[in-house]
Amino acid sequence: MNKRHSSRIIAGAAAATLAIGLAGCSSAEPADEGPVEIRFTWWGGDARHELTNEALDAFEAENPDITVVRDFGGFDGYLDKVTTQYAGGNSPDVIQLYNEVLVEFADRGQLYDLNEAVDSGVLSLDGWPQDVIDMNTVDGELAALTFGSNTQAYFFDDTVSAEYGVALPEDGFSWEDLEDYATAVTEASGGSVFGTFDLSHSYQVFEVWAKQNGEEFLTADGIGFTPETLEAYWDYWDDMRDVGAVPTPDVSSEYLGTPYDAVLQGVVASTFLFTNQFASVADSTPNELSVARMPGESPSPGQYLRAAMNLTVSAQSEHPEAAARLVDFLLNSEEANAILGTDRGFPSNADVFAAATAGLEGPAAAAAEIFESVRADGSPAPVPAPVGSGAVNTLFSEVAQQVQFGQLTVSEATEQFFTQAEAELG
Amino acid sequence: MTTTERAQGGESQPSRSGDAPAQAPRKPVPALSAKSLRRAVRREKIAPYLFLTPWLIGFFVITLGPMLYSFYLSFTDFSLLGAAEWVGLDNYIRMFTADPKYMDSVRVTLVYVFVSVPLQLAFALLLALVLNRGLRGLPIYRSIYYLPSLIGASVAIAVLWRQMFGKNGLVNQVLSWFGIVGESWIGNPDTALGTLIVLNVWTFGSPMVIFLAALRQVPEYLYEAAAVDGVSKWKAFWHITLPMLTPVVLFNLILQLIGAFQAFTPAYVVSGGTGGPVNSTLFYTLYLYQRGFTNFEMGYASAMAWVLFFFIAAVTAINFWLSKYWVHYDD
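In order, the protein sequences belong to chains A and B. All the letters of the first sequence, read from the start, carry residue numbers 3 to 428 under the numbering used here. All the letters of the second sequence, read from the start, carry residue numbers 207 to 537 under the numbering used here.
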């Protein structure tokens, strides 16, 4: 082959590469004919992906004019992906979001006001409790609807407790009862298993503690608790460390994000989780587990029914109506809830509760009992936290860790937390 | 080398003749008119750019463009969601005056870089010297030692590290044979950064391979002359091997420094994205990531990225400037 030919081929190839690149850019034409395409993104494990895909197939069968593109994966990097797509003007239409970031999106006008879909009759709110609607209302707009709710719970490894002959605390146990139980487990096992996990870093557990004391973690205006309450909380865990009821801080920090792993790994005999996590945690160990309400729930309960996750429609969506129809199907149809079950938590819509929870047994039924008991006797859900609350949550954990490692005293830590939290919340 | 000269010579000859009628065609090309020659010349001038097109598109569209955009964003309060508003130098001022955690991340990163890179290079050189002694099966050893460099920055290895240095990990199990009860290496703020330094040192393979190649370039006659003069091996190393290697040391040093400043994956995975315990593994890039993606402060994160960029550029420049005092060029 001569030189002239080969260079022409190369040039052609280069031009073709360029053309392919350009073609990729121009394919976003809105199609008027044929089914509307909407994109739904969620995070979860394999079980959730299967159930959700099944529910989406059912939706497509009922709505032949809508195709749902499914964009799913694990929780790691989920938010990065969604925000990056937003920044690129290419956000999904329907987005599963978690509560902590809901306000960050809503406050910046990035979510479609679902009230519009309610007004046009696409989305129904029949069967939805008013406090759940309030919880999802930001600046008068319905930013989201709860897609599975849960509540806090404390769970115990019965097998380990029995092995060391320590009786489980009875229902309605106090924080002191937990300390007695935990100390007994550590002593009986000679330190090979600790009684419970050091939760001084967990703002989610502290929130229950604050509510039990008639306060809030965060209100719409900022911090909702007194320094005394925080000091009492951190003092409690300081004491737990002193008596050996919880592991040493270096071990605790290995399980910071997922305390229940410490139970599964046989490091501790009990800790906190959310009710929707209990069934899969119980499935991943041969040991017998039991679940109870949080310590200190009487006389005044601090647990509440919280949104495990939400469904939102992007303000960037070109088909908000089709998106709202999907939201309506997933949240309000018995068919979808029968498929989805309680994998994401319990449905808030009382009309579909029976469909989602039919045939629950074993750990899932035990978790449902906790949920029901909080519904009967719990604390009201807090209003959406202000912008900047994410940084406060991180700060809580960091300062608590400095106490764990003895770098700060409890009173120094409390002071530092308040100073820095107020700066973050502005 | 002369390959470049040859290539240039070959290229420039016909193109320099330009519009002048074909005075001295390189080869007898039958029936070549002035016009078609001009066309051929022009085509040859364009060809390299066409070859480069895919790379050029990549460079402008996905490297330079976003970089310049991030420079603009660093002067805004861009949150990733919604519009960006101009805030002038606020982000840069805040970094150095009102963000104690930022300084933590700088300190952690400097310790990581200035401890792990020299150790890594020393280790790489040591092994290169050992392997250079005419070992049998050298290619096998070389491959084995190079392997960590290929996989060292991966998530899988970071996960493995997390397991190894955990409370019940391999390291503590080995220690327990000697009756030592180790703490969790990754869970303790005093040792967590150390495990990441060890990880970086362990990826000594790529500088090692470069050292090995450079060792082969040291002329044998220098050693022969030294041997004739009765110089010990130790002295020969200090006065022949090391000076001859200094250009390669500089190269490795700069490359590894840049890489270490930008390290992200190990800290992200080992600390579960937190930079903990107590910010002891809060690498600069990890903190940047947290600000950008967790706190929705992409403007601030962009400013951090540009400070890092200029800092790395400065360190590199200083290294080049210092190099005239210690790098020995043979020619």
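We treat Cβ as the ideally placed atom computed from N, Cα and C, and that holds for glycine.
Partners in chain A for residue i, counting only beta-carbon separations shorter than 9 Å
i	result
K373/B	P249, T250, D252, V253, E256 and V269
G482/B	S255, L258, S399, E400 and Q403
E389/B	T250, D252 and V253
G400/B	None at all; the shortest Cβ gap to chain A is about 13 Å.
Closest by C-alpha distance to residue i, when choosing among the options
i	options	result
G142/A	T148/A, D115/A and L333/A	D115/A
L325/B	G482/B, F410/B and Y429/B	F410/B
I464/B	Y275/B, L316/B, P272/B and S508/B	L316/B
G288/B	A57/A, G79/A, D82/A and L113/A	L113/A
S282/A	A357/A, R50/A, W44/A and F42/A	R50/A
W527/B	D310/B, Y278/B, I460/B and G478/B	I460/B
A324/A	D48/A, D244/A and I68/A	I68/A
Q423/B	S438/B, M450/B and A246/B	M450/B
G47/A	P297/A, V71/A and Y80/A	Y80/A
A317/A	D109/A, T221/A and V162/A	D109/A
Y531/B	R368/B, K241/B, V267/B and T452/B	T452/B
S122/A	L397/A, P322/A and L362/A	P322/A
E426/A	S335/A, E233/A and G224/A	G224/A
V442/A	A309/A, G197/A and E218/A	In the structure displayed, chain A extends from 3 to 428; residue 442/A sits before or after that span and is not available.
T314/A	S381/A, E230/A, V70/A and N101/A	N101/A
P483/B	L397/A, V96/A, V84/A and Q98/A	L397/A
W44/A	Y262/A, A393/A, T287/A and V84/A	V84/A
V405/A	I341/A, N117/A and S202/A	S202/A
V105/A	M311/A, T359/A, F373/A and E181/A	M311/A
Local Cβ density within 10 Å of residue i, reported as buried at 16 or more and exposed below that
i	result
H445/B	exposed
R248/B	exposed
S360/B	exposed
V476/B	buried
W261/B	exposed
G385/B	exposed
P32/A	Its pLDDT being 45, under 50, P32/A is placed unreliably by the model, and nothing is read from it.
Q409/A	exposed
V248/A	buried
E299/A	buried
S382/B	exposed
N458/B	buried
A18/A	Legend: pLDDT at A18/A = 43, less than 50; position of this residue unreliable, value from coordinates given subsequently. So A18/A ends up on the exposed side.
R41/A	buried
Y255/B	exposed
F419/A	buried
T411/A	exposed
Chain-ordered neighbours of residue i on chain B, where CB pairs are closer than 7 Å
i	result
F107/A	L287
T85/A	L286, L287 and F499
R433/A	Residue 433/A lies beyond the residue range present for chain A, which begins at 3 and ends at 428; the question has no answer from this structure.
Opposing strand residues paired with residue i [DSSP bridges]
i	result
G224/A	T221/A
E143/A	V140/A
V71/A	R41/A
D159/A	L291/A
G243/A	For the sequence presented, residue 243/A should be read as Arg rather than Gly. In DSSP, R243/A forms no bridge with anything.
I357/B	Answer by DSSP bridge pairing: none, since I357/B is not bridged.
T435/A	Any property of residue 435/A remains undetermined from this structure, which presents chain A solely from 3 to 428.
A309/A	S151/A
Interface partners of residue i on chain B, CB under 8 Å
i	result
Q206/A	In chain order: nothing, as chain B lies at least about 15 Å away.
Y88/A	L286 and L287
D82/A	F499
Closer than 9 Å at the beta carbon, the chain B residues around residue i
i	result
A380/A	Note that residue 380/A corresponds to Gly in the displayed sequence, not to Ala. What G380/A touches in chain B: nothing, since even the nearest Cβ is about 30 Å away.
Q112/A	L287 and G288
Contact set between residue i and chain A, taken where Cβ atoms lie within less than 8 Å
i	result
G465/B	Chain A residues near G465/B: none, gap ~22 Å exceeds 8 Å.
G478/B	L258 and G259
N485/B	E400
Residue i CB to nearest heavy atom of the ligand MN below 7 Å
i	result
Q468/B	In terms of ligand content, the structure shown is empty, and the ligand MN therefore cannot be addressed.
Partners in chain A for residue i, counting only beta-carbon separations shorter than 7 Å
i	result
P395/B	F407
With three or more beta-carbon pairs closer than 8 Å as the criterion, would you say the stretch 370–389 of chain A touches the stretch 141–160 of chain A? yes
Would you check if the stretch 517–524 of chain B and the stretch 291–300 of chain B touch, i.e. whether three or more CB-CB distances between them fall below 8 Å? no
Pairing CB atoms from the stretch 254–261 of chain A with CB atoms from the stretch 269–285 of chain A, are three or more of them under 8 Å? yes
I want to know whether the stretch 270–287 of chain A touches the stretch 332–349 of chain A - three or more CB-CB distances under 8 Å. yes
Is the number of C-beta pairs between the stretch 388–401 of chain A and the stretch 163–179 of chain A that are closer than 8 Å three or more? no
Touch check for the stretch 496–515 of chain B and the stretch 398–418 of chain B: three-plus C-beta pairs under 8 Å? no
Hey, is the stretch 185–193 of chain A in contact with the stretch 350–369 of chain A, meaning 3+ C-beta pairs nearer than 8 Å? no
Taking one C-beta from the stretch 394–410 of chain B and one from the stretch 304–313 of chain B each time, how about it: are there three or more such pairs within less than 8 Å? no
Sufficient close CB pairs (3 or more, under 8 Å) joining the stretch 297–313 of chain A to the stretch 207–221 of chain A: yes
Would you call the stretch 267–274 of chain B and the stretch 70–77 of chain A touching, i.e. three or more CB-CB distances under 8 Å? no
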